[in-house]
Amino acid sequence: MIKAIWSQIVSLYRIFLHIFAKADTVQYPEEMPYLAPRYRGRIVLTRDPDGNERCVACNLCAVACPVDCIALQKTEDEHGRWYPEFFRINFSRCIMCGMCEEACPTYSIQLTPDFEMCEYDRQNMVYEKEHLLISGQGKYPGYSFYNVAGKAIKDKDKGEGLNEAQPIDMKSLLP
Amino acid sequence: MEELTIFLVIYGTLLGAFAVAAVLVWFERRLLGFWQDRLGPNRVGPFGIGLALADVIKLLAKEDWIPPFADRLVFILAPTAVVITMLLGFAVVPYTEHLFIADLNIGLLFFLGMTSLAVYSVLLGGLGSHNKYALLGGLRAAAQMVSYEVFMGLSLMGVVMITGSFSLVDIVNTQAENGWFVISQFFGFIVFLVAGIAESHRLPFDLPEAEHELIAGFHTEYSGMKFGLFMLGEYLSLILISSMITTIFFGGWLGPSFLPDAVLDFVPHIFWFFAKTGTCICFFILLRAAIPRPRYDQLMSFGWKILLPLTLVNLLITGAVLLWL
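So the sequence lines, in the order shown, correspond to chains A and B. Heads up: the first sequence begins at 9 in the numbering used here, then just goes up one per residue. Heads up: the second sequence begins at 26 in the numbering used here, then just goes up one per residue.
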């Protein structure tokens with residue numbers, strides 16, 4: 009009993025000391041909290057070092073998305089390179105989980121440390137490709153999917169990629 | 026005293042109590058914020074003090090809804106009871122030896138009676154709402170008040186025995202000679218403090234409200250001005266209990282005796298009264314910040330098994346000392 013009362017008095021004293029402590033909270037609109045580069049906020053589509061869009065419209069992000077907020081349609085250019093005809097993210101559904109970023113094989117879709125996306129009109133929360141696409145490379149500078157992928161594309165044949173072995177002629181018996 | 030002075034004191038008390046109660050809404054939240062390592066409300070006006078005004082305007086402008094299933098008369102009357110009784114309680118508070126509304130020779134009994142009547146507000150609010158949470162809150166309030174009323178009165182009897190009077194002015198004058206009662210009546214002070222918190226049903230003894238279990242307890246169904254009256258009553262009772270603790274146990278308007286006479290002569294008496302009352306209010310807010318709410322049975326057993334015997338022993342010892350020493 010004495011012990012219980014004593015512990016109450018101690019907690020009173022401890023809490024009282026907190027009046028001298030600095031506040032842990034941040035005065036948000038005036039004072040911005042630090043957000044790490046890997047913070048999961050607004051989603052962007054990035055470009056490769058040559059300035060071409062990285063997205064190859066593989067649909068993996070749309071499949072991975074638990075709330076189905078990503079919609080895209082694949083199309084091809086004249087060299088057989090895939091790209092999205094449209095790419096639409098409904099941010100009023102998006103839960104910023106980052107699954108799309110993890111699923112993306114080309115580092116195209118990335119989450120940024122920006123969360124201030126309020127809109128008065130809900131339709132403005134739907135971002136099209138021109139809103140999503142940025143001119144930079146995002147978190148993975150220097151990475152270009154087609155340079156390392158074993159797919160023949162405009163200026164590059166099979167086996168000419170980085171660290172890529174020449175394709176094996178399966179019809180030949182020679183070693 | 027002249028009639029004019031009486032009127033001034035009455036209206037001063039009335040407006041002062043309202044103003045302090047309104048500012049307390051802001052002050053409490055700000056102080057709680059500091060104790061919880063946040064900043065608290067600091068947006069409206071300098072230091073956020075405009076929040077008091079904003080809150081008052083909000084409460085006045087809100088829809089005043091009476092549920093169709095409620096007992097209309099009781100529902101409307103309930104919140105007025107607490108405000109009226111608490112304001113009446115201020116009548117006997119002596120701010121200085123000359124500045125008070127009434128120096129009743131039963132001042133202490135009057136105060137106890139008024140705080141007891143305030144329970145009707147909670148009780149009727151709980152009953153009249155026809156809501157099960159409100160009813161539970163009202164039930165708890167009734168049991169809590171009835172049991173804590175007992176030793177709230179008894180804890181003061183030691184003081185009354187030493188003073189030989191129920192008049193609060195006499196009580197303070199006795200403390201000028203004998204030293205503050207917080208020393209000679211320490212256990213009486215502790216019990217009165219705990220019972221006072223329970224009486225004004227503030228945290229940690231806010232079981233009638235118990236936000237987490239009973240939504241808002243007895244005032245679940247209240248909104249707008251009627252809810253405002255409940256809040257006003259709660260803060261008024263906080264101020265009243267604080268000023269009573271100051272008067273009865275901390276020497277009211279008397280300055281601390283260890284200070285040199287020059288300081289005591291220089292500082293006006295009313296300053297000491299308000300400084301002590303303010304400190305006491307801050308302590309109540311600290312209690313709210315630090316102590317979790319006990320369970321209902323813990324509250325009851327703490328009251329009847331510890332505080333009541335403590336009061337009785339205190340009473341016996343005080344009596345014995347007065348008789349034989």
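Ideal Cβ placement from N, Cα and C applies to all residues, glycine included.
Check whether residue i and residue j have beta carbons under 8 Å apart
| i | j | result |
| --- | --- | --- |
| residue 165 of chain B | residue 263 of chain B | no |
| residue 114 of chain A | residue 71 of chain A | no |
| residue 103 of chain B | residue 138 of chain B | no |
| residue 142 of chain A | residue 52 of chain A | yes |
| residue 265 of chain B | residue 43 of chain B | no |
| residue 142 of chain B | residue 188 of chain B | no |
| residue 89 of chain A | residue 162 of chain A | yes |
| residue 47 of chain A | residue 149 of chain A | no |
| residue 119 of chain A | residue 109 of chain A | yes |
| residue 193 of chain B | residue 133 of chain B | yes |
| residue 295 of chain B | residue 120 of chain B | yes |
| residue 274 of chain B | residue 207 of chain B | yes |
| residue 243 of chain B | residue 163 of chain B | yes |
| residue 225 of chain B | residue 325 of chain B | no |
| residue 258 of chain B | residue 146 of chain B | yes |
| residue 158 of chain A | residue 166 of chain A | yes |
| residue 161 of chain B | residue 239 of chain B | yes |
| residue 176 of chain B | residue 284 of chain B | no |
| residue 241 of chain B | residue 169 of chain B | no |
| residue 38 of chain B | residue 158 of chain B | no |
| residue 91 of chain A | residue 138 of chain A | no |
| residue 272 of chain B | residue 305 of chain B | no |
| residue 174 of chain A | residue 57 of chain A | no |
Distance between residue j and residue i (C-alpha atoms, nearest Å)
| i | j | result |
| --- | --- | --- |
| residue 340 of chain B | residue 124 of chain B | 31 Å |
| residue 74 of chain B | residue 51 of chain B | 6 Å |
| residue 49 of chain B | residue 260 of chain B | 7 Å |
| residue 154 of chain A | residue 179 of chain A | 26 Å |
| residue 104 of chain A | residue 40 of chain A | 20 Å |
| residue 130 of chain B | residue 346 of chain B | 25 Å |
| residue 35 of chain A | residue 67 of chain A | 40 Å |
| residue 23 of chain A | residue 316 of chain B | 9 Å |
| residue 247 of chain B | residue 67 of chain B | 28 Å |
| residue 338 of chain B | residue 196 of chain B | 21 Å |
| residue 211 of chain B | residue 33 of chain B | 36 Å |
| residue 88 of chain B | residue 94 of chain A | 49 Å |
| residue 63 of chain B | residue 29 of chain A | 9 Å |
| residue 84 of chain A | residue 69 of chain A | 18 Å |
| residue 353 of chain B | residue 282 of chain B | Since the first and last residues shown for chain B are 26 and 350, residue 353 of chain B lies out of range. |
| residue 45 of chain B | residue 53 of chain B | 11 Å |
| residue 21 of chain B | residue 227 of chain B | Since the first and last residues shown for chain B are 26 and 350, residue 21 of chain B lies out of range. |
One or two residues paired with residue i in a DSSP bridge
| i | result |
| --- | --- |
| residue 91 of chain A | A:83 |
| residue 61 of chain A | A:55 |
| residue 247 of chain B | According to DSSP, which records beta bridges pairwise, residue 247 of chain B is partnered with nothing at all. |
| residue 118 of chain A | A:52 |
| residue 135 of chain A | A:97 |
| residue 164 of chain A | A:161 |
| residue 78 of chain A | A:97 |
| residue 141 of chain A | A:53 |
Best match in the options for proximity to residue i [C-alpha to C-alpha]
| i | options | result |
| --- | --- | --- |
| residue 65 of chain B | B:71, B:55, B:311 | B:55 |
| residue 69 of chain B | B:60, B:59, B:80 | B:80 |
| residue 230 of chain B | B:296, B:152, B:313 | B:313 |
| residue 320 of chain B | B:256, B:234, B:191 | B:234 |
| residue 97 of chain B | B:155, B:284, B:303 | B:155 |
| residue 269 of chain B | B:294, B:221, B:153, B:316 | B:221 |
| residue 57 of chain B | B:318, B:309, B:175, B:171 | B:309 |
| residue 215 of chain B | B:27, B:202, B:335 | B:335 |
| residue 289 of chain B | B:201, B:251, B:247, B:302 | B:201 |
| residue 140 of chain A | A:111, A:130, A:99 | A:99 |
| residue 105 of chain B | B:148, B:117, B:175 | B:148 |
| residue 31 of chain B | B:175, B:117, B:157, B:281 | B:117 |
| residue 125 of chain A | A:12, A:49, A:86 | A:49 |
| residue 204 of chain B | B:170, B:47, B:279 | B:279 |
| residue 27 of chain B | B:47, B:91, B:127 | B:127 |
| residue 276 of chain B | B:298, B:293, B:256 | B:298 |
| residue 85 of chain B | B:305, B:91, B:249, B:53 | B:249 |
| residue 123 of chain A | A:44, A:13, A:33 | A:44 |
| residue 183 of chain B | B:344, B:350, B:349 | B:344 |
| residue 9 of chain A | B:323, B:349, B:112 | B:323 |
Residue i Cβ short of 7 Å to the ligand MN heavy atom set
| i | result |
| --- | --- |
| residue 97 of chain B | The model depicted lacks the ligand MN and carries no ligand whatsoever. |
Whole-angstrom C-beta distance between residue j and residue i, which should lie under 8 Å
| i | j | result |
| --- | --- | --- |
| residue 108 of chain B | residue 254 of chain B | 5 Å |
| residue 27 of chain A | residue 60 of chain B | 6 Å |
| residue 213 of chain B | residue 267 of chain B | With 8 Å as the limit, residue 213 of chain B and residue 267 of chain B do not qualify as a contact, their Cβ atoms being about 17 Å apart. |
| residue 96 of chain A | residue 136 of chain A | 6 Å |
| residue 156 of chain A | residue 171 of chain A | 7 Å |
| residue 95 of chain B | residue 47 of chain B | Not really, about 27 Å apart at Cβ, beyond 8 Å. |
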